[in-house]
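Visitor: If you scroll down you'll find the structure; I have some questions about it.
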Amino acid sequence: MIAGKTPADWRTGVIVPVFKKGDHKECSSYRGITLLSLPGKVYAKVLERKCRDIVDLKIQEEQCGFRPGRSTSDHTFALRQIAEKSWEYAQPLYMCFLDLEKAYHRIPCNSLWTCLCAYGID
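Residue 1 is where the sequence shown starts when you use the UniProt record's numbering, and the numbers rise one by one after that.
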């Protein structure tokens, strides 16, 4: 790596479609797995750990997505507890659920870089 640039073969991956379920003719029935070079994987892991050390200090404790040791079941448990307390104390409970499944692909890349820079990652 010279001048902050990674070798092209470290950044190149081959996406292999893996069938999930449903109709074999539908693209949505597959998910892609990216096969990377070994040096690329090691480099990506080092970057991920460096970024995580910075970002973990700045994101909300309640954020569970893409964080080791946390999952959606944490939020499911919390939501169930809130619902049970609401029922127990006869209080109304209002909920709003957002489906952000395809939101990532709609965010401009330059916005993501701006956000990362704001967190001290450049």
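We treat Cβ as the ideally placed atom computed from N, Cα and C, and that holds for glycine.
Find out if the Cβ-Cβ distance for the pair Y119, V55 is shorter than 7 Å.
Guide: Within the sequence shown, the letter at position 119 stands for residue 119. Within the sequence shown, the letter at position 55 stands for residue 55. Yes, they are a contact pair.
Visitor: Since L36 and G13 should fall inside the 8 Å C-beta cutoff, what is the C-beta to C-beta distance between them, to a whole number of angstroms?
Guide: By one-based count along the sequence shown, residue 36 stands at place 36. By one-based count along the sequence shown, residue 13 stands at place 13. Yes, L36 and G13 are in contact; Cβ-Cβ is about 5 Å, under 8 Å.
Visitor: Helix, strand or coil, according to DSSP, for I15 in the structure here?
Guide: Along the sequence shown, one-based indexing puts residue 15 at 15. Here I15 sits in strand by DSSP.
Visitor: How is G40 classed by DSSP in three states: helix, strand or coil?
Guide: The count along the sequence shown starts at 1 and reaches residue 40 at position 40. Helix at G40.
Visitor: Excluding five sequence neighbours on each side, which residues of the same chain lie with their C-beta closer than 7 Å to the C-beta of H75?
Guide: As a first step, residue 75 is located in the sequence shown; it is residue number 75 there, counting from the start. Excluding positions up to five away in sequence, the list reads C64.
Visitor: List the DSSP bridge partners of R49.
Guide: By one-based count along the sequence shown, residue 49 stands at place 49. Paired residue(s): none; R49 is not in a bridge.
Visitor: Which full runs of the beta strand (DSSP E) of 3+ residues lie inside the UniProt domain "Reverse transcriptase" (22 to 122), going along the chain?
Guide: 30 to 36
Visitor: Quick one: what's got a C-beta closer than 8 Å to K32's C-beta in the same chain, skipping five residues either side?
Guide: As a working mapping, residue 32 is identified with position 32 in the sequence shown. Note that residue 32 corresponds to Gly in the displayed sequence, not to Lys. Cβ neighbours of G32 beyond the five flanking positions: I15, V16, P17 and V18.
Visitor: Suppose contacts are defined by Cβ-Cβ distances below 7 Å. Is W87 in contact with G40 by that definition?
Guide: Counted from its first residue, the sequence shown places residue 87 at position 87. Counted from its first residue, the sequence shown places residue 40 at position 40. Not in contact: W87 and G40 (Cβ atoms no closer than 7 Å).
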